[in-house]
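Colleague: Take a look at this one; I'll ask things after.
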Ligand code: DGL
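Numbering (this note's numbering), first residue to last: 282 to 558.
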């Protein structure tokens with residue numbers, strides 16, 4: 282299933298990162314800033330996004346295929362840079378590859394509680410994340426008795442994936458989804474989908490400057506690096522960053538030009554044949 286060309290030897294001992302689309306690039310950027318000598322391998326599953334509106338079996342199947350590809354390319358640790366895939370599929374990945382270390386991303390309820398003064402916290406996430414047993418456990422563990430306002434932001438990740446984060450579609454979806462949180466008087470909002478930080482300035486504007494936004498990309502990168510430990514041997518040179526997509530290469534090129542400030546190698550990965558959910 283790999284598409285390794287002979288002139289593309291797999292980098293070894295890297296960190297593999299995947300998301301349903303380009304938004305996991307925020308995690309990749311945080312990783313690169315901290316460990317420039319570690320090879321990074323990323324897959325944007327844009328050909329199968331959005332995950333948040335798919336059923337669990339579909340997301341698990343995609344997560345297994347993407348992880349296999351990342352491991353084939355030399356990843357030693359996998360960052361699931363997608364709240365939805367973490368919520369739905371990370372247990373299946375750990376069961377399939379028990380010796381591999383997986384780091385997931387979850388809505389930052391714990392930092393949200395620490396930041397809140399009035400105890401009213403908004404959570405913006407996909408429908409699948411909010412409906413998952415894993416999210417319910419997280420809320421039980423960290424936010425029992427807290428006034429959580431859950432907002433399933435249907436359409437927002439897709440709109441961000443498709444195009445311009447400053448365009449009309451994104452702005453109107455943001456104001457639609459933020460309105461109930463604003464009306465509820467939340468003072469902290471968790472960005473529980475890795476796409477949403479790309480619309481953070483509009484979300485902040487819609488909520489008002491006094492509301493704190495919580496994004497966990499940097500915390501996830503720190504956790505992955507702790508687990509990688511000795512792999513960052515402190516080499517001088519910058520390691521390769523491979524970016525793969527199951528969607529359009531041009532979309533990945535635009536996103537990486539916009540969000541990353543280091544050189545990357547872009548590659549297409551023809552989507553595997555899977556039945557649509
Ligand atoms: N960016 C992903 C997340 O963090 C999923 C968005 C989607 O594909 O629906 O949840």
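For glycine and all other residues, C-beta sits at the position ideal for the given N, C-alpha and C. Values in this document were obtained by computation on a predicted structure and should not be read as measured data.
Taking the alpha carbon of residue 480 as the reference point, which residue from 313, 494, 521 and 369 has its own alpha carbon closest?
Modeller: Considering only alpha carbons, the answer is 494.
Colleague: Any residue with its C-beta under 5 Å from a non-hydrogen atom of the ligand DGL counts. Can you list them all in chain order?
Modeller: That query returns the following residues: 301, 304, 330, 331, 332, 333, 363, 364, 365, 407, 438, 474, 475 and 476.
Colleague: Using the three-state DSSP reduction, which class does residue 550 fall into: helix, strand or coil?
Modeller: In the structure shown, residue 550 sits in coil (DSSP, three-state: anything other than H, G, I, E or B).
Colleague: Would you kindly check if the distance between the Cβ of residue 360 and the Cβ of residue 384 is under 7 Å?
Modeller: Taking 7 Å as the Cβ cut-off, residue 384 and residue 360 qualify as a contacting pair.
Colleague: Can you list, in chain order, the residues of its chain with a C-beta nearer than 6 Å to that of residue 548? Leave out the 5 residues immediately preceding and following it.
Modeller: The answer, listed in chain order, is 525.
Colleague: Between 393, 483 and 321, which has its C-alpha nearest residue 429's C-alpha?
Modeller: Checked all of 393, 483 and 321; the closest Cα to residue 429 is 393.
Colleague: Using the Cβ count rule (16 or more neighbours within 10 Å means buried), how would you classify residue 453?
Modeller: The residue is exposed, with fewer than 16 neighbouring Cβ atoms inside 10 Å.
Colleague: Of the residues 397, 390, 345 and 400, which one's Cα is nearest the Cα of residue 411?
Modeller: Per the Cα distances, 390.
Colleague: Buried or exposed for residue 432, going by 16 or more other Cβ atoms inside 10 Å?
Modeller: Counting Cβ neighbours within 10 Å, residue 432 comes out buried, since at least 16 surround it.
Colleague: List the residues that DSSP assigns as beta-bridge partners of residue 409.
Modeller: None; residue 409 has no bridge partner.
Colleague: Suppose you measure from the CA of residue 520 to the CA of residue 465; what does that come to, to the nearest Å?
Modeller: Rounded to whole angstroms, residue 520 to residue 465 spans 46 Å at the Cα level.
Colleague: Starting from residue 345, trace the alpha helix (DSSP H) both ways and give me its first and last residue.
Modeller: Residue 345 -> alpha helix (DSSP H) spans 337-353.
Colleague: For residue 347 and residue 377, which I take to be in contact (beta-carbon distance under 8 Å), what is that distance rounded to the nearest angstrom?
Modeller: No, residue 347 and residue 377 are not in contact; Cβ-Cβ is about 12 Å, not under 8 Å.
Colleague: Considering only their Cβ atoms, is the gap separating residue 357 from residue 322 smaller than 7 Å?
Modeller: No, they are not a contact pair.
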